[in-house]
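Residue numbers (our numbering), protein chains in the order written: chain A, 2 to 259; chain B, 502 to 806.
We put the CB at the ideal spot given by N, CA and C, even for glycine.
Structure record follows, encoded as structure tokens.
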């Protein structure tokens, strides 16, 4: 009897939560990967930080909701959102057709191109598919950049790594001839001491059919209202200069894109 | 037949009809004990979830029954297996990589485990403790950590490795994977082999020695054949564990079955990727299990009546 009552109560509380209007939400659970510097990573003090996290916090402040951050492995990011483990993804996730079939996105909050870096002593100076033919290129698996690598550099050998940390290790070790990732990621890496082995040789033009429509905030389907609130908040922090402050802390150029 | 003929002298007809056998007791309906209810429910759940998976696969590949459709048969299947046409080939290549990786590492593991077993059992303390340390380390640490350490660890020792001309070996992810898997499985195999050799009764050694057989003949012809029968099942288990353990190799960029599954999933977010992977692993393990039953039946035929 008490079990049935408990089950009923649980069920009712679920419906109550899902019936909440987006405006009434005061607390959001936000997921990020935590292994994608400078966008999201765990700092030396063990605190989650990065461009995504700071932008996320600014958005939450703008929306007047309390945000609670958590980390989630990249491959399980979308299933975790769909399963309701968290309410939003702010993890440098590109808005692609495939992802739009599963979840909804806000407008983009940044859009930077796929970029290629090579060791400093590399003879490669060009990013055409011919120049990289037969070379070993590293990328993070499951990212739009890895898709770009496999589609555009089909004559090269593309190795896929679980996170950006591993391909960085491998190009430092000399196992890879080149790596491909987001401009922001590679720029901040080659500027740091860890990335002193390597240099950027160029960026690919953004191709919407591969890259999608920039990086957005992911929410569950049916919560488009929440996505809209994120979109408005993105425009608002863009307007009031918060975006620029955060942007300039991490990048020399404006990452916002169009 | 008239009454007069019954019992008449000289009649070949038996006077009494053969008694009909009592009908077999009607199967008593077994009572629905709680155990039986639980068992039946459980079985039903399994069947339903199995059918559910089949339905899910058919559904997600848009397989439909068409009545009176194309072809000669009144019923035909149509489907639009987008997922399989796009990723099927990759799954097959991942499957082959898994088989190759496990096959090569197991064979090399066998080769390495035999001398290591002798070292492990040797009375020489130095040899014994080297083998003991090796087994202790590789059984005591996760395979994931070993793969990671060998691949990325070797990377940080590039210069020393280059100076001894070994870098070409460690540069290749495949070599590192085979090395890590071989070292890992050999450690387990040493213990399997040692256990089964020590399991053979001392009397066998003593009897052979009483017959004047040299020690290595005793080992090769008497002890080892019996030990291999004992170790057959543990060997099978070890291969099964390796097949499943190999799923971690994608962390060093070798896209085996699990790696391809994750790649397909990250592109489509379609759960059938994992269902197909589960089916492929099940097929591998089931094939191995059946082969092992055959081998065991053959090896133990002298023990059967």
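May I ask you to list, following chain order, the residues of the stretch 87-121 of chain A that have a beta carbon less than 8 Å from some beta carbon of chain B?
For the stretch 87-121 of chain A, the residues whose beta carbon sits under 8 Å from a beta carbon of chain B are, in order, 99, 100, 102, 103.
Compute the distance between the beta-carbons of residue 606/B and residue 683/B, then report whether it is under 8 Å.
yes
Along chain B, in chain order, which residues have C-beta atoms closer than 7 Å to that of residue 176/A?
656, 672
Could you please give the first and the last residue of the uninterrupted beta strand (DSSP E) stretch that includes residue 108/A?
From DSSP, the beta strand (DSSP E) with residue 108/A extends over 104-111.
Got a sec? Which residues, its chain only, sit under 6 Å from residue 674/B by beta carbon, not counting five neighbours each side?
753, 754, 755
How many Å lie between residue 670/B and residue 171/A at the Cα?
15 Å
What residues from chain B crowd round residue 143/A, counting only those whose CB sits closer than 9 Å?
763, 764, 766, 767, 768
Could you tell me if residue 212/A is buried or exposed, where buried requires 16 or more neighbouring beta carbons within 10 angstroms of its beta carbon?
buried
Note the first and the last residue of the continuous beta strand (DSSP E) segment covering residue 137/A.
137-141
Listing by chain order, which chain B residues have their CB less than 7 Å from the CB of residue 182/A?
In chain order: nothing, as chain B lies at least about 15 Å away.
Where does residue 198/A fall in DSSP's three states?
coil
Beta-carbon proximity list for residue 139/A, same chain, < 7 Å, skipping 5 on both sides
160, 162, 168, 171, 172, 177, 180
Using the rule of at least 16 other Cβ atoms within 10 Å of the residue's Cβ for burial, across every protein chain shown, is residue 48/A buried or exposed?
exposed
Distance between residue 782/B and residue 705/B (C-alpha atoms, nearest Å)
41 Å
Would a check of beta-carbon distances place residue 38/A closer than 8 Å to chain B?
no
Using a threshold of 8 Å, state whether the C-beta atoms of residue 228/A and residue 60/A are closer than that.
Not closer than 8 Å, so no.
Are any of the Cβ atoms in chain A nearer than 8 Å to that of residue 775/B?
no
Is DSSP giving residue 28/A helix, strand or coil here?
strand
Expressed to the nearest angstrom, what Euclidean distance is found between the alpha-carbon atoms of residue 217/A and residue 105/A?
9 Å
Short of 6 Å in beta carbon distance, which residues of its chain neighbour residue 113/A, apart from the five on each side in sequence? Order them along the chain.
Closer than 6 Å at Cβ, skipping near neighbours: 183, 184, 185, 256.
By the criterion of Cβ-Cβ separation under 7 Å, what are the contact partners of residue 163/A in chain B?
752
Short CB-CB distance (under 8 Å) between residue 862/B and chain A:
Summary: the structure shown does not reach residue 862/B, with chain B confined to residues 502 through 806, and so no result is reported for it.
Which partner residues does residue 685/B have in the DSSP bridge list?
None, per the DSSP bridge assignment.
Between the beta-carbon of residue 584/B and the beta-carbon of residue 769/B, is there less than 8 Å?
yes
Is residue 125/A near residue 137/A, with beta carbons less than 8 Å apart?
No. Outside cutoff.
Under 9 Å from the C-beta of residue 170/A: neighbouring residues of chain B:
653, 656, 657
Within this structure, are the beta carbons of residue 31/A and residue 75/A separated by less than 8 Å?
Against a cut-off of 8 Å, the Cβ pair of residue 75/A and residue 31/A comes out as no contact.
Listed from N- to C-terminal order along the chain, which residues in the stretch 60-86 of chain A have their beta-carbon within a distance smaller than 9 Å of any beta-carbon of chain B?
75, 76, 79, 80, 83
With 8 Å as the threshold, decide whether the Cβ of residue 160/A is near any Cβ in chain B.
yes
Given this structure, state the Cα-to-Cα distance separating residue 238/A from residue 220/A, to the nearest angstrom.
19 Å
Residue 756/B touches chain A at which residues, Cβ-Cβ below 8 Å?
Going along chain A in sequence order, the residues near residue 756/B (Cβ under 8 Å) are 161.
Thinking C-beta only, is residue 141/A closer than 8 Å to residue 260/A?
Look at the range of chain A in this structure, 2 to 259, and you will see that residue 260/A is not part of it.
If we ignore side chains and look at the alpha-carbon of each, how far apart do residue 535/B and residue 144/A end up?
52 Å
Looking only at its chain, what residues have a beta carbon closer than 8 Å to the beta carbon of residue 648/B, apart from the 5 residues adjacent to it on each side?
677, 678, 681, 682, 749, 750, 752, 753
For the structure I just gave you, are there three or more beta carbon pairs, one from the stretch 191-203 of chain A and one from the stretch 115-122 of chain A, closer than 8 Å?
yes
Give me the Cα-Cα distance between residue 553/B and residue 198/A, rounded to the nearest whole angstrom.
Per the coordinates, the alpha-carbon of residue 553/B lies some 53 Å from the alpha-carbon of residue 198/A.
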